[in-house]
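Chemist:
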Amino acid sequence: MSARQVLIPRLLHVGTGCLRDVGPLLADHDFDLRCVLVGSGRGASRMLAEAVVEGLRRADVRVVVVSQLAGRLDQAASIASTIIEEGVTAAVAVGGGRVLDTVKLAAARTDVDFVSVPTAVSNDGISSPVASLVGKDGARATHSARMPCGIVVDVAAIGSAPPATIRAGVGDLVSNLTACLDWRLADREGREQYDAYAAMIAESAARPALELDEVTSSASHEVLAQGLLLSGLAMAASGTSRPCSGAEHLISHALDARLGRGAALHGEQVALGTLVAAAAHNSALLPALQSLYLRLGLPLRPDDVGLTTAQLVDAVQAGPALRPDRWTILSDERFRHRMEAEALVAGAMGYRPVAVPSTRSITRSVAAPSSR
Ligand SMILES: [Zn+2]
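So the sequence shown is numbered by this note's numbering: it starts at -9 and just counts up by one.
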């Protein structure tokens, strides 16, 4: 068998205050800049997108601006038609996961280069080949798209995002660890084929996050951004979201389906699901995750994000049916019984750990200035 090919973005730039440089960066990396669409959301991301637009216009690039993107499928369709009508040659999304996913799908379907400029690192969609969007029926669904051709991360922009979005990003990142436990289980049970290479990337991406002591420094934001970027690479290598999505994601999807817009942030829900999955696996990850969550302020119990224990138990039971092809620890028949599911959630949530500092400070090691 020949070696596989993995498509990776041809531009990756992580810097501070680099939004105005997006235009020159794209020009340097041979993007077709005859007409560039810049999409953003509301409020903060719209302001940040203005810096990108200004940089492009200064380089004499024709720019089409779209704002108010909120992660809806009809918005992706509308952007696709704008791309066709205006002759757009590259599409840049500036914003959080909803904005990125909307433009990502439109660009994939119209076959133009997509550039991801995340202004929040609340999930691994910043570099993944999939888009999660809300359809006509109000339900959120995952659509296959393509890896971005370029990723520009402004650490300063990420730092100005609400702290909850940064914590949520940590939740989505550490979920790789339970996702890979599920993947190995699925392989042992003959349900799915394990991909050791993709899992190694996903787990290596997540482990540094377990050592974080805080999420306020730019060094911690870099750890997070790098982990989420590598998660995207793991998904690209395996051609599926599998290395970054197991039982914990099924729980989050079940909460989305049940609660609609009342759901918590994806990464917060996934963080809770990761505790449940680690408990179900009887993994030593559970106390390590609880300690991390306590240090960073991630949810340890459903009521920390406005959910009830019953809602979480419902999601544990409903999750596996949402994706029967994805074998996880929750596919085990015993969790069909309410009492088993309740006991599992109680075991995952019942323990209040003492905050212990991480064994080594990843923040310090990353923050060490290169000039020294
Ligand atoms: Zn996720």
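By construction, the Cβ of each residue, glycine as well, lies at the ideal position given by its N, Cα and C atoms. Given the structure is predicted, the values throughout are model-derived calculations rather than measurements.
Is residue 258 buried or exposed, if buried means 16 or more other CB atoms sit within 10 Å of its CB?
Modeler: Residue 258 should be labelled buried.
Chemist: With residue 170 as the anchor, note down where its alpha helix (DSSP H) starts and where it stops.
Modeler: Per DSSP, residue 170 belongs to the alpha helix (DSSP H) from 153 to 178.
Chemist: Could you give the first and the last residue of the continuous alpha helix (DSSP H) run that contains residue 144?
Modeler: Note, residue 144: premise wrong, no alpha helix (DSSP H); beta strand (DSSP E) at 140 to 144.
Chemist: Please determine if the region 106 to 122 and the region 146 to 165 are in contact, where contact requires at least 3 C-beta pairs separated by less than 8 Å.
Modeler: yes
Chemist: For residue 9, which of 142, 130, 125, 54 has the nearest alpha-carbon?
Modeler: Of all alpha-carbon atoms in 142, 130, 125, 54, the one lying nearest the alpha-carbon of residue 9 is that of 142.
Chemist: Can you give me the start and stop residues for the alpha helix (DSSP H) that residue 306 sits inside?
Modeler: 299 to 312
Chemist: Could you check the C-alpha separation between residue 313 and residue 3 for me, to the nearest Å?
Modeler: Spanning the two alpha carbons is a distance of roughly 35 Å.
Chemist: Count the other C-beta atoms from every protein chain shown that fall within 10 angstroms of the C-beta of residue 85, then say buried if there are 16 or more, exposed otherwise.
Modeler: buried
Chemist: Taking the Cβ atom as the reference point for each residue, do residue 166 and residue 193 lie within a distance shorter than 8 Å?
Modeler: yes
Chemist: Going by DSSP, what residues sit across from residue 85 in a beta bridge?
Modeler: As a beta-bridge residue in DSSP terms, residue 85 pairs with 108.
Chemist: Can you name the start and end residues of the beta strand (DSSP E) that residue 439 belongs to?
Modeler: Lying before the first or after the last residue shown, residue 439 is absent from the chain, which here runs from -9 to 362.
Chemist: Would you say residue 139 touches ligand 1, meaning its beta carbon is less than 7 Å from a heavy atom?
Modeler: no
Chemist: Going by alpha carbons, who is nearest to residue 158 out of 136, 185, 218, 182?
Modeler: 218
Chemist: If we count the other Cβ atoms within 10 Å of its Cβ and call it buried at 16 or more, is residue 71 buried or exposed?
Modeler: Residue 71 is exposed by the Cβ-count criterion.
Chemist: Looking at residue 164 and ligand 1, is the gap between the Cβ and the nearest heavy atom below 7 Å?
Modeler: no
Chemist: DSSP on residue 0, reduced to helix/strand/coil?
Modeler: coil
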